[in-house]
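A short worksheet on the structure shown next.
Chains as they are written, first to last, in my numbering: chain A, 1 to 320; chain B, 1001 to 1320.
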């Protein structure tokens, strides 16, 4: 668990316990879902929902189903992502796809998502929660499908990228912190700044992820470097390099190429780095972090506010 | 559209229009879902929900989101099923798996399911609807996963089979007719008989499906005969034959065998037929049909009641 979670450590343990239990109940192959759970992860979405809830009448019983559901939705998309990428390793452990194949991955992803929806249906007194969760889940799939259908398309611009990142990552993160506040009855004036904060750290989170795919080493990342390039996913550094690289045509050719060998992947990475695309992308991420922190300024001075600030800093500085 | 749908033909056209529109909205690859829709299908679940609604204050606007959501959930599981089976053909058309691969299939299945949950979230005044739908969806996945994890296991009995059939098929069908009544405010005394009717025709439907997999010809079925045997799915005729066939050991060996050639599949089918397993299974299905009709006897004499009866007869007699 991250150090910065200090104020919600006990609460997160309750969520973790419940996550494990939910995943094992009525699951004919419990190991399919617990393997991913046990492999780790930051539990960013549950943590954010707990922190949002601290701005209302915090009640761990009230917030746990939402916190669990948010992590489940995230897990479901990871399992399906690994089918798309044919990934062998996630968080340093074998993927469901690698151990059980495509069919189990498809069904277990939907199983986990249905578990989330069942938990969410408990908030029947607050219809906004199920409305937002259903809508966000839909848009997450939209982002994923758009990513696949646009892969290897070097004609994409920054607008396509942000459209996708918002759907793939930012919407669920902003819903986490916003709905945490909603579930525990925080004042209406709190919802929007929390939502905007979540959106900004979500965007920064994915941009950083996309940079790390070109920068980090495999051991830190828990997966091979350059995997976006191999899959034809056009990320911010690449889009910047399309515009700025002196060897634009060669880079476009490499990006469009379906099967790249190790040398070609390395060549593309170097072309991207050489034109300052990494620095530029870090700057964009940092702008989102600054904006996220600004959103917090008007909120009551609770310990949760400080933790939200630390999470923004963590995303800004993260190296894995 | 089936002849027996006469009384709800206009209403089903409204549902069909809405289905098409829902599947195309915010879908970066609309063809992935409309290809399955356009390939046909009986629209049994929407039809049942409309018929259930006729026992209340029928309002097409009120019932359409539910009717659409029920078909979407069914479609989502079909798309994921085709990943498991590696099916090339469904309803005579190429599957999503065959045309777009495993990754798109996984995401589009969840996309369609999320669409269903978004539609269901509109029934915020009747929390029972979202509770039942989430729970049924969960159990459908449970049934599918159980089926995969128990494949090629010749030690299964009738109990395992019914556990699975209930989850895979009967629960969504019974929810369709029950929730149709709930959504349009039918009296509480109507819900349970409709639920039980749905459960019985659902069980009969799947048993008949499993018989047809051994009996029908490929043209009628829209997919190859004997596919359950090839995938190691242990169905009722096979379980009966394990107990009654004079060549029990040979049949068990064939059932357990991972890769069967065409000759071995035909040999297994003949062993199953020869011991009367098909007749026995048809009898079990017919018992469910009779029970389904009995459940209807106490209901008000509306045209919808007659249609429900015709649907039971259709399932009893169906050859595809």
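All C-beta atoms, glycine included, are put in the ideal place defined by N, C-alpha and C. Remember, it's a predicted structure, so these values are computed and weren't measured experimentally.
From residue i to residue j, what distance separates their C-alpha atoms?
| i | j | result |
| --- | --- | --- |
| residue 1314 of chain B | residue 1044 of chain B | 11 Å |
| residue 1293 of chain B | residue 1299 of chain B | 11 Å |
| residue 981 of chain B | residue 1150 of chain B | Beyond the ends of chain B as shown, which are 1001 and 1320, falls residue 981 of chain B; an answer cannot be given. |
| residue 1126 of chain B | residue 1183 of chain B | 7 Å |
| residue 321 of chain A | residue 269 of chain A | What is shown of chain A runs 1 to 320, which leaves residue 321 of chain A out entirely. |
| residue 1282 of chain B | residue 1207 of chain B | 8 Å |
| residue 322 of chain A | residue 143 of chain A | The structure shown has nothing for residue 322 of chain A, since chain A only spans 1 to 320. |
| residue 228 of chain A | residue 1061 of chain B | 45 Å |
| residue 1186 of chain B | residue 41 of chain A | 47 Å |
| residue 192 of chain A | residue 73 of chain A | 22 Å |
| residue 1108 of chain B | residue 115 of chain A | 18 Å |
| residue 117 of chain A | residue 1118 of chain B | 10 Å |
| residue 156 of chain A | residue 251 of chain A | 14 Å |
| residue 265 of chain A | residue 235 of chain A | 14 Å |
| residue 1203 of chain B | residue 277 of chain A | 59 Å |
| residue 198 of chain A | residue 176 of chain A | 8 Å |
| residue 80 of chain A | residue 67 of chain A | 21 Å |
| residue 1248 of chain B | residue 1209 of chain B | 23 Å |
| residue 1239 of chain B | residue 1075 of chain B | 28 Å |
| residue 148 of chain A | residue 1121 of chain B | 28 Å |
| residue 1256 of chain B | residue 1200 of chain B | 30 Å |
| residue 1284 of chain B | residue 1212 of chain B | 14 Å |
| residue 1014 of chain B | residue 1310 of chain B | 22 Å |
| residue 1216 of chain B | residue 1069 of chain B | 30 Å |
| residue 1031 of chain B | residue 1129 of chain B | 29 Å |
| residue 1245 of chain B | residue 38 of chain A | 46 Å |
| residue 189 of chain A | residue 303 of chain A | 18 Å |
| residue 57 of chain A | residue 86 of chain A | 44 Å |
| residue 1029 of chain B | residue 110 of chain A | 20 Å |
| residue 146 of chain A | residue 1082 of chain B | 22 Å |
| residue 27 of chain A | residue 280 of chain A | 45 Å |
| residue 34 of chain A | residue 168 of chain A | 23 Å |
| residue 1049 of chain B | residue 64 of chain A | 34 Å |
| residue 1092 of chain B | residue 4 of chain A | 56 Å |
| residue 1138 of chain B | residue 1123 of chain B | 19 Å |
| residue 174 of chain A | residue 1140 of chain B | 30 Å |
| residue 1101 of chain B | residue 1317 of chain B | 35 Å |
| residue 165 of chain A | residue 1007 of chain B | 47 Å |
I need the DSSP call for residue i, collapsed to helix, strand or coil.
| i | result |
| --- | --- |
| residue 285 of chain A | helix |
| residue 1093 of chain B | strand |
| residue 257 of chain A | coil |
| residue 1002 of chain B | coil |
| residue 297 of chain A | coil |
| residue 974 of chain B | Only positions 1001 to 1320 of chain B appear in the structure, and residue 974 of chain B is not among them; the question remains open. |
| residue 125 of chain A | coil |
| residue 99 of chain A | helix |
| residue 1308 of chain B | helix |
| residue 1007 of chain B | helix |
| residue 1302 of chain B | coil |
| residue 1276 of chain B | coil |
| residue 1187 of chain B | coil |
Using a Cβ-Cβ cut-off of less than 8 Å, list which residues of the segment 1090-1108 of chain B approach chain A; keep chain order. Going along the segment 1090-1108 of chain B in chain order, one finds 1102, 1103, 1104, 1105, 1106, 1107 and 1108 with a Cβ nearer than 8 Å to chain A.
Using a Cβ-Cβ cut-off of less than 8 Å, give me the residues of the segment 174-185 of chain A that come near chain B, in sequence order. Along the segment 174-185 of chain A, there is no position whose C-beta sits under 8 Å from a C-beta of chain B.
Run through the segment 140-185 of chain A for me and flag every whole alpha helix (DSSP H) of 4 or more residues, listed as ranges in chain order. Correct list: 158-165 and 171-183.
Uninterrupted beta strand (DSSP E) stretches inside the segment 1191-1274 of chain B (no shorter than 3 residues): Counting only runs of 3 or more, we get nothing.
Using Cβ-Cβ distances below 7 Å, what residues of the segment 233-265 of chain A are close to chain B? From the segment 233-265 of chain A, no residue has a Cβ closer than 7 Å to chain B.
Ignoring anything shorter than 4 residues, give me the alpha helix (DSSP H) runs that lie fully in the segment 1026-1082 of chain B, in order along the chain. Runs found: 1030-1038 and 1044-1053.
Would you list, in chain order, the members of the segment 113-132 of chain A that have their beta-carbon closer than 7 Å to a beta-carbon of chain B? Cβ contacts with chain B: 113, 114, 115, 117, 118, 121, 124, 127, 130 and 131.
Selection of the segment 276-294 of chain A by Cβ proximity to chain B, strictly under 9 Å: Considering only beta carbons, no part of the segment 276-294 of chain A lies closer than 9 Å to chain B.
May I ask you to list, following chain order, the residues of the segment 14-46 of chain A that have a beta carbon less than 9 Å from some beta carbon of chain B? Flagged, chain order: 26, 27, 28, 29 and 32.
Got a sec: which bits of the segment 1051-1081 of chain B sit with their beta carbon under 9 Å from any beta carbon on chain A, in order along the chain? If the cut-off is 9 Å between Cβ atoms, the segment 1051-1081 of chain B has 1076, 1077, 1079, 1080 and 1081 near chain A.
Closer than 7 Å, Cβ to Cβ, to anything on chain B: give me those residues from the segment 142-162 of chain A, in chain order. Within the segment 142-162 of chain A, the residues whose Cβ lies closer than 7 Å to some Cβ of chain B are 142, 144, 145, 146, 148 and 149, listed in chain order.
Any C-beta of chain A within less than 7 Å: which residues of the segment 1201-1219 of chain B qualify? Across the segment 1201-1219 of chain B, no CB contact with chain A closer than 7 Å is found for any residue.
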